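These notes are about the structure you will find just below.
Numbering (this note's numbering), first residue to last: 44 to 289.
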């Protein structure tokens, strides 16, 4: 039986919930709508979903708090698309820092939301273009770290696992498959998020910052991901392929 993507819509505005839910349903998606974080948690306890559309501006636990909660729990790999009522870069930046995969500013066209949802789903199910993938997975070693491409886990020298969000994993894969090569922000944004760069889009800088934190890489004197002024970023260490993970 063909899989139908299940989208959970979390928004306190009843009209938006119903309009979005009905539109997505008419376009072949399975939808569930809830009004707040309490209902979201209750639903996710019993039913897995493929993507969560999460409004930022809600009473009680807002979307930013809920996104951070999702990223810290068992649903950390579920893609999140955030909705913000203001065209405010701060909201977008904080949302991306919390681990959101994409964002959309209200008011929005339902067709654009559908396009964003489909793009996020594609990105989470496949690695960026021009990355070599082996079905059995590989262990990629660099510095004191190893990346298990099968389980998508980052491992330190003691074998301790460090969890990565989907966006962090995709960015790290891009760097590891293009070591010691300068990649500009447009290239990184396209490879990791599948869309053209916005002039004010700081999502790549935020992702790099988050990935540096995971790697314990000092942003002032980074050993792994270095900033190349006016050009972009470069992964400065060589990468060794160790073979299939045990």
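Even glycine gets a Cβ: it sits at the ideal position worked out from N, Cα and C. In this text, all values refer to a predicted model and were calculated from it rather than measured experimentally.
Across the structure, residue 255 and residue 85 are spaced so that their CA atoms are roughly 34 Å apart. With respect to residue 188, residue 258 sits close: the two C-beta atoms are nearer than 8 Å. If you draw a 10 Å sphere on the C-beta of residue 102, you find fewer than 16 other C-beta atoms in it, and that means exposed.
By alpha-carbon distance to residue 66, the top candidate from 213, 279, 156 is 156. A direct Cα-Cα distance of roughly 40 Å separates residue 272 from residue 52. Here DSSP, grouped into helix, strand and coil, assigns residue 151 to coil.
In terms of Cα proximity to residue 125, the closest of 141, 260, 274 is 141. For residue 67, there is no enclosing beta strand (DSSP E); the enclosing alpha helix (DSSP H) covers residues 57-69. In this structure, residue 107 lies near residue 99, with their beta-carbon atoms less than 8 Å apart. Under DSSP, the beta-bridge partners assigned to residue 50 are 74, 94.
When rounded, the separation of the alpha-carbon atoms in residue 120 and residue 208 is 6 Å. In the three-state reduction of the DSSP assignment, residue 271 falls in the strand class, which pools E and B. The beta carbon of residue 196 sits closer than 8 Å to those of 190, 204, 205, 206, 207, all from its chain and outside the five residues before and after it, given in chain order.
Boundaries for residue 124: no alpha helix (DSSP H) harbours it, while the beta strand (DSSP E) harbouring it runs 123-127, taken from the DSSP string. For residue 183, the enclosing beta strand (DSSP E) has its first and last residue at 182-185. With a beta-carbon spacing of about 6 Å, residue 93 and residue 164 fall inside the 8 Å limit used to define contacts. Around the beta carbon of residue 229, fewer than 16 other beta carbons lie within 10 angstroms, which makes this residue exposed. For residue 191, the secondary structure class from DSSP, reduced to helix, strand or coil, is strand. Burial check for residue 122: the Cβ neighbour count within 10 Å reaches 16 or more, so the residue is buried.
Under the criterion of beta carbons closer than 8 Å, residue 275 and residue 226 qualify as touching, at roughly 5 Å. DSSP places residue 260 in the coil class of the three-state scheme, outside both helix and strand. Closest in C-alpha terms to residue 216, from the list 118, 148, 184, 115, comes 184. Following the DSSP letters along the chain, one finds residue 109 inside the alpha helix (DSSP H) bounded by residues 106-115. Relative to residue 278, the option among 285, 284, 269 whose CA is nearest is 269. DSSP links residue 145 through a beta bridge to 124.
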